[in-house]
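Undergrad: Note that the UniProt record's numbering numbers the sequence shown so that position 29 is 29, with each residue one more than the last.
Handing you this structure, nothing more for now.
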Amino acid sequence: MPWATIFSRSSIVLDVCKERPIAWRDERDWRGQEDAWSWLSRQGSLTAHLRTLGDVEVEVLFEQLIRIGPHASVLGRNRELNVWARDVVLRVDGRPAVVARTLVEEFASKTSWREVKGLRQTPLATILYADARVRRSDFQYGFLGRSHRLYRLARRVDPRLGENRLWARRSVFERNRTKLAVAECFMPWVYGN
């Protein structure tokens, strides 16, 4: 399968950046990208995986209630929504490794997912993997460029990145029929580029 076909058969879904839709895709042909795939496809706690590289710290970049557009199908809605948004950078031994965004509908941020609002520098994984009721969707993958919020956040925390696009993944966690969406953008050094 040629590289160009990786972007085919994609659904247009929430750009985690609240701007314009991007094409996220399910698993496809990763020839030539095995190092990235090794990290993007890892199950379980990303924080735990990063700890194999060194000491992990969470830095909160942004955290507040925002309004997202009607293209927010990642949360299962096709209308504008108020959501709790949390942008963080996960650092390994002080070096930026992953920039992530969490979105939770406002109602769920006061009920099923209320712990999200009090995490501060605590990894999200502490609530996601401590509760057997939480289920995770399959991953979807994207290649982010400068028009996307996570890419710009990554450039802000590490200006040496240059103009290269960055690999990202996203998934949705569900508990008590409410959803929490997470998108994670990987710095190239994590997967060896």
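Beta carbons are placed, not taken as given, at the ideal position from N, Cα and C, and that holds for glycine.
#1: When burial is assigned at 16 or more other CB atoms within 10 Å of the CB, is G142 buried or exposed?
#2: Starting from A125, follow the alpha helix (DSSP H) in both directions and report where the run begins and ends.
#3: DSSP on W113, reduced to helix/strand/coil?
#4: What is the C-beta distance between V56 and V92, in whole angstroms, given that I count them as a contact (C-beta under 8 Å)?
#5: Pairs of beta-carbons, one from the segment 144-155 and one from the segment 107-123, closer than 8 Å: are there three or more?
#6: Using only CA atoms, which one of S147, S112, F107 and S171 lies nearest to I66?
#7: My understanding is that E105 touches R135, with C-beta atoms under 8 Å, so please give their C-beta distance in whole angstroms.
#8: What span of residues does the alpha helix (DSSP H) with V157 cover, start to end?
#9: Which residue or residues does DSSP assign as beta-bridge partners of R175?
#10: What separation, rounded to the nearest whole angstrom, lies between the Cα atoms of A168 and S38?
#11: How far does the beta strand (DSSP E) with residue 194 in it reach, from first residue to last?
#12: P70: buried (16+ other C-beta within 10 angstroms of its C-beta) or exposed?
#13: Between the Cα of N82 and those of P188, R101, G94 and Q64, spot the shortest distance and give me the residue it belongs to.
#14: May I ask which residues mark the beginning and end of the beta strand (DSSP E) holding W84?
#15: According to the neighbour-count rule (16 or more other Cβ atoms, all chains shown, within 10 Å of its Cβ), is F186 buried or exposed?
TA: With the structure as the only source:
#1: Start at 1 with the first residue of the sequence shown, and residue 142 comes out as number 142. Flag for G142 reads buried.
#2: Residue 125 sits at position 125 when you count from the first residue of the sequence shown. Per DSSP, A125 belongs to the alpha helix (DSSP H) from A125 to L128.
#3: The residue given as residue 113 occupies position 113 in the sequence shown. If DSSP states are grouped into helix, strand and coil, W113 belongs with coil.
#4: Along the sequence shown, read from residue 1 onward, the residue named residue 56 stands at position 56. Along the sequence shown, read from residue 1 onward, the residue named residue 92 stands at position 92. Confirmed, about 6 Å.
#5: no
#6: As a position in the sequence shown, residue 66 is number 66, starting the count at 1. Among S147, S112, F107 and S171, the Cα nearest to that of I66 is on F107.
#7: Within the sequence shown, numbered from 1, the residue matching residue 105 stands at position 105. Within the sequence shown, numbered from 1, the residue matching residue 135 stands at position 135. E105 to R135, Cβ: 17 Å. No contact.
#8: Taking the sequence shown and counting its residues from 1, one reaches residue 157 at position 157. Segment R149 to V157, the alpha helix (DSSP H) holding V157.
#9: In the sequence shown, residue 175 corresponds to position 175, counting from 1. In the DSSP output, where bridge partners are listed per residue, R175 has T178.
#10: Taking the sequence shown and counting its residues from 1, the one referred to as residue 168 is at position 168. Taking the sequence shown and counting its residues from 1, the one referred to as residue 38 is at position 38. Approximately 12 Å between the Cα atoms of the pair.
#11: Because the chain in this structure spans residues 1 to 193, residue 194 falls outside the shown range and cannot be described.
#12: Your numbering for residue 70 matches position 70 in the sequence shown. Answer is exposed; the Cβ neighbour count stays below 16.
#13: What you label residue 82 is simply residue 82 of the sequence shown in a count that begins at 1. Of P188, R101, G94 and Q64, the residue nearest in Cα terms is Q64.
#14: Here residue 84 is taken as the residue at index 84 of the sequence shown, counted from 1. L81 to V92 is the extent of the beta strand (DSSP E) around W84.
#15: As a position in the sequence shown, residue 186 is number 186, starting the count at 1. A buried status is given to F186, since no fewer than 16 other beta-carbon atoms sit within 10 Å of its beta-carbon.
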